[in-house]
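Student: Per our numbering, residue 273 is the first one in the sequence shown, and the count goes up by one each step.
Sharing a structure with you now.
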Amino acid sequence: MNPSTSLRTRRLVLVDGNALLHRAYHATPPLSTSKGELVNAVYGFTSMLLRSLEELKPDYIAVAWDLKAPTFRHTEFAGYKATRKPMEEGLSGQYKHVHQVLEAFNIPEFSLAGYEADDLVGTLARQAVEKEKALEVIIVTGDRDITQLIEKRIKVLLPKKTLSDVGLYGEEEFAARYGFAPKNLVDFKALSGDASDNIPGVPGIGEVSATNLIQKYGSVEKVYKHLDELPERAKKLLEEGKGSAEMSKRLATIDTNAPIKLDLLACRVHDFEREKARQVFEELEFRSLIPRIPGHNNVILGRSEAMTPESKKDSGQAGMTGQSTTDLDHQVESILKKMSEMGVLVDLKFLGKLGKDLKGKLAHNEQAIYSNLGHQLNLNSPKQLSEVLFDELHLPVIKKTKTGRSTDEGTLRELSTAHPVIPLILQYRQLFKLISTYVDALPKAVADDGRIHSTFNVEGAATGRISSQDPNLQNIPIKGEMGSELRKAFIVPKGKILLAADYSQIELRILAHIANDPGLKAAFQQGVDVHTVAAAKIFKVPLEEVTKQQRMVGKTVNFATLYGQGAHALSKQLEVEYKVAQAYIEEYFAQFPKVKEWMEKVLQQAHL
């Protein structure tokens, strides 16, 4: 990503909404709000949108969508896309939130009955390059079909394995991959077909044969002019499939003459209500994306020429070091590579013993549940559990999903005092997850050298954090007695140690400095745990009397106030009443008044 932009060339970014949202749904791990609403596709889409604004720095932007209505392609061929499965409920329910995000950013959206998003993108791209000679177009999509639009001033940005790993395709990149020009992609599909769209192509002509034919002759029409030069079998297949080839080409061809008109002024990347965008992100619980809202730090909307490479290094984006994020990433990558190669030693005997103990506890827990209910059931079946809790025990229904009455962890925690069996079920789930996800799974990942060699990625996580995969070593539990026991399985050879390196409350240190709050500054200057200090002030107890639970509250409130979390969200996070959470926040600001003053000052400045 991050193609250069000259001062003379302006840039229009066109987003294929359906393709990108669908790709985000399958590429982003399941992510739900505290209400249990699935939002992973919205998160992935929004993250990619923000990245496009950050790195592509467009002057203009627009998003195109499919409609449910049939298109001209369905009219010509009833089987068009007929083999596709219906849209998953988990995805269809997220569309409304994507429109919320786009509305918050004042990004125009296009849709038109009878046409697909591809056609609208193609039409807008064609009009753009014809209308403005000093304008380039970058299409952001998750669908390779749109690469047929590539030409001198039209490029396509496609995710590779993950949304964070993208490739920018121009004429050279396309030719290097396919061996023919972008405009001939439709000729290739006319011969080979496209299973995903149920485009038939020519029966018997596969991708290899189609590639060879297009590379040699250029188009379907020219292939048919040279049938006599082909082997008898290929000639016969092409003769018999000529009608199908012609229809398939029409189906595969993007219509760049849809009845819509590009209004560049309406598509201009312009200012918007940042508070509205922040509220949408808060509602969707995308707190990690809030700092990336354009204009939140140093991104200037509508002024792609405002920041030169030199000024970027001098800005807050590069801090005081003058280093770009790419420079820093490269340094981190070499360290992560060494970590992966070295691996981490695992005590298999300890895991075996722990597994035996946990399975014993699980069996005991199951019997306790059965005794409490008076019968057995499949505890891993949400349907059976739902029937027992709500039909048999008549417990109140807290939440409903499209598949029925919810029995997720949040629901069970709200019901934890309603019946003595609920805490037992929660404990069962915790034990079952520890055994299935970690105790039984980790030994399978141990190599011959007795170590697990996980892969670490600088940009592998949707949140922007470093991620670990094959297996994921970052989600090893730490909370609770059982989680702590599991971590003991990771060991070092005699004479070696495991080193944990992390910033020491970096956000709060910066807050103490810029807010100039004496209470926060004193905590850091005296080397006292800042979360314990916050807890002591909130609960009005001496430092030495702060309990673990109180410190946890202090820590949560520290970060909740820093990131603008309100009492409602805090009450959910701490599992306390709204008025209790509100009291925590009010007491925090009373004890650290300069923090409150600084936050209000920043908000006032932002509204100027």
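Backbone N, C-alpha and C fix where the C-beta goes; we use that ideal spot for every residue, glycine too.
If you're wondering where the values come from, they're calculated on a predicted model, not measured in any experiment.
#1: Between Y450 and chain D, is any beta-carbon pair separated by less than 8 Å?
#2: Tell me which same chain residues have a C-beta within less than 7 Å of the C-beta of G478, skipping the five on either side of it?
#3: For K851, name the three-state secondary structure that DSSP assigns.
#4: Apart from the five residues on each side of it in sequence, which residues of its chain come closer than 7 Å, Cβ to Cβ, to Q699?
#5: Starting from T727, follow the alpha helix (DSSP H) in both directions and report where the run begins and ends.
#6: DSSP three-state call for I857: helix, strand or coil?
#7: Just how far apart, CA to CA, sit P765 and D720?
#8: Using the Cβ count rule (16 or more neighbours within 10 Å means buried), how would you classify R398?
#9: What does the Cβ neighbour count give for P581, buried or exposed, with the cut at 16 atoms within 10 Å?
#10: Along the chain, where does the beta strand (DSSP E) that runs through S739 open and close?
#11: Report the option in V438, A453 and D437 whose CA atom is closest to the CA atom of E444.
#12: Would you report the Cα separation of T804 and R823, rounded to the nearest angstrom?
#13: Can you give me the start and stop residues for the alpha helix (DSSP H) that V829 sits inside?
#14: When you compare the CB positions of I526 and G394, do they come within less than 8 Å of one another, or not?
#15: Taking the alpha-carbon of L328 as reference, which of E501, P566 and Q797 has the nearest alpha-carbon?
#16: Just to confirm, are L634 and I707 a CB contact at a threshold of 8 Å?
#17: Confirm, please, whether the CB-CB distance from Y850 to A841 is below 8 Å.
#18: In three-state DSSP terms, what is R540?
#19: Does any heavy atom of the ligand HEM sit closer than 7 Å to the C-beta of A549?
#20: Could you give the DSSP three-state label for T673: helix, strand or coil?
#21: So if DSSP puts V409 in a beta bridge, which residue, or which two residues, is it bridged to?
#22: Using DSSP's beta-bridge definition, name the partner residues of E381.
#23: What did DSSP end up calling F762 once you bin it into helix, strand or coil?
#24: Got a sec? Which residues, its chain only, sit under 7 Å from E757 by beta carbon, not counting five neighbours each side?
#25: For E388, count the other beta carbons within 10 Å of its own beta carbon; 16 or more makes it buried, fewer makes it exposed. Which is it?
#26: Out of curiosity, what's the CA-to-CA distance linking G386 and D663?
#27: With a CB to CB cut of under 6 Å and the five nearest residues on each side skipped, what residues in its chain are close to I486?
#28: Looking at C-alpha atoms only, which residue of G836, D801 and L667 is the closest neighbour of K919?
#29: Have a look at P475 and V373 and give me their C-alpha separation to the nearest angstrom.
#30: In chain order, which continuous runs of the alpha helix (DSSP H) of length 4 or greater are located wholly inside the stretch 743-816?
#31: Starting from the Cα of S843, find the closest Cα among G836, K497, A853 and K866 and give me that residue.
#32: If R295 and G414 are in contact, beta carbons under 8 Å, what's the gap, nearest whole angstrom?
#33: Please classify I778 as buried or exposed, where buried requires at least 16 other C-beta atoms within 10 Å of its C-beta.
#34: Report the three-state DSSP secondary structure of I565 (helix, strand or coil).
#35: Name the DSSP beta bridge partners of I477, please?
#36: Can you look up S304 in the DSSP assignment and give me helix, strand or coil?
Tutor: Per the coordinate set shown:
#1: Of the protein chains in the structure, only one exists, and it is not chain D.
#2: S464
#3: helix
#4: N637
#5: Looking at the DSSP string, T727 is not in any alpha helix (DSSP H); the run it does join, the beta strand (DSSP E), is T727 to N729.
#6: helix
#7: 16 Å
#8: buried
#9: Any answer about P581 is weak, because its pLDDT of 38 lies below 50 and its placement is not dependable; what the coordinates show is given next. It is exposed - the Cβ of P581 has fewer than 16 other Cβ atoms within 10 Å.
#10: S739 to Q741
#11: A453
#12: 5 Å
#13: K820 to L834
#14: yes
#15: P566
#16: yes
#17: no
#18: strand
#19: This structure simply doesn't include the ligand HEM, nor any ligand for that matter.
#20: strand
#21: L284 and I426
#22: V335
#23: strand
#24: L626
#25: buried
#26: 47 Å
#27: F452, N456, D459 and F460
#28: Residue 919 falls outside the range modelled here, since the chain spans only 273 to 880, and no answer is possible.
#29: 44 Å
#30: 752-759, 778-787, 790-797 and 802-811
#31: A853
#32: 3 Å
#33: exposed
#34: coil
#35: In DSSP, I477 forms no bridge with anything.
#36: strand
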